[in-house]
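Here's the structure we're looking at; comments come further down.
Numbering (the numbering used here), first residue to last: 762 to 1046.
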């Protein structure tokens, strides 16, 4: 399942952007129609299948795009795929339960199922909220024209083709709000191991964007994966929940005492519309 798009500054993220569909013409500025309620959670398939998640993703109508719909434009997203290790999911699940009990409006990123619907069945909660591909954005999600696609992909491969293996440590729950304040995201941030490597990769993507007159990433990137979202700007209330949790993981100096989970850098992916391009793979020790 495709990860949602996330780009951010100090307190912002556009993780709600939908990169898998071509941009279509739409000059209608009226509010979108009310979204249909999600299908019953009992429709979720067993952990070894993903069919129902695909159904849920296709039938959710609550997504909000971060740029206008223009015919012939396609959403571009460059990211590092991330999978949460099985042995760390239980601890993350416990915090998701706590956060949902205090902030009931949280939804699962991607399939948009309310977390409240999953609390009574931990197996389904783990499967829906933590059991799929996430991503670390290396650039903003931006619209590009058809004639730009080949050039963007070729230049990304040229600049990023040789990438050494490294570990990415996620050590901090954090809250981000998208630029237009329509959604708040509960995320896990990378602030230690792997940060230097990811920063260099973001710089390389910025160079490609710059040469194609595309908006570059935020000046102070904060690599993260988004786990859940809520409607509107609820930064303050969700931040209190996160800060309460993080106090149990901080040293005297205010730094995280341990890593929440670690994953290996594997590759960089470029998504244009509904087509995926593999930019590079990890090499070496």
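Even glycine gets a Cβ: it sits at the ideal position worked out from N, Cα and C.
Computed from a predicted structure; not experimentally measured.
Could you tell me the boundaries of the alpha helix (DSSP H) in which residue 844 lies?
-> Segment: none, residue 844 is in no alpha helix (DSSP H) and carries neither H nor E.
The alpha helix (DSSP H) spanning residue 999 covers which residue range?
-> 996–1007
Classification of residue 861 by the beta-carbon crowding that lies within 10 angstroms, buried from 16 upward = buried
Tell whether a beta-carbon distance below 8 Å holds between residue 1048 and residue 906.
-> For residue 1048 there is no data in the structure shown, the boundaries of the chain being 762 and 1046.
Which same chain residues, not among the five before or five after residue 846, have their C-beta less than 6 Å away from its C-beta?
-> 1022
Quick one: Cα of residue 859 to Cα of residue 880, how far?
-> 10 Å
Give me the Cα-Cα distance between residue 932 and residue 914, rounded to the nearest whole angstrom.
-> 32 Å
For residue 947, the nearest candidate out of 1001, 1036, 848 (CA to CA) | 1001
Close Cβ partners of residue 839 (< 6 Å) along its chain, the five nearest in sequence each way excluded | 899, 900, 966, 1031
Pair every Cβ in the stretch 920–934 with every Cβ in the stretch 864–879, then say whether three or more of these pairs are closer than 8 Å.
-> no
Can you name the start and end residues of the beta strand (DSSP E) that residue 961 belongs to?
-> From DSSP, residue 961 is part of no beta strand (DSSP E) but of the alpha helix (DSSP H) over 956–972.
Using 10 angstroms around the beta-carbon of residue 957, count the other beta-carbons present and answer buried if the total reaches 16, otherwise exposed.
-> exposed
Own chain, CB closer than 6 Å to residue 984, minus 5 neighbours either side, in chain order = 897, 951, 959
Rounded separation between residue 996 and residue 979 - CA only = 19 Å
Residue burial classification, residue 923 (beta-carbon count within 10 angstroms, cutoff 16) = exposed
Note down, one range per segment and in chain order, each alpha helix (DSSP H) of at least 4 residues found wholly within the stretch 853–922.
-> 883–891, 910–921
Opposing strand residues paired with residue 1029 [DSSP bridges] | 1041
Compute the Euclidean distance between the alpha carbons of residue 938 and residue 988, then round it to the nearest angstrom.
-> 13 Å
DSSP beta-bridge partners of residue 986 = 949
Start and end residues, beta strand (DSSP E) containing residue 937 | 933–938
Going by beta carbon distance, what residues of the same chain come within less than 8 Å of residue 976, once the five residues before and after it are set aside?
-> 901, 903, 970
Cβ shell of residue 1033 (< 6 Å), same chain only, five flanking positions each side left out | 835, 837, 910
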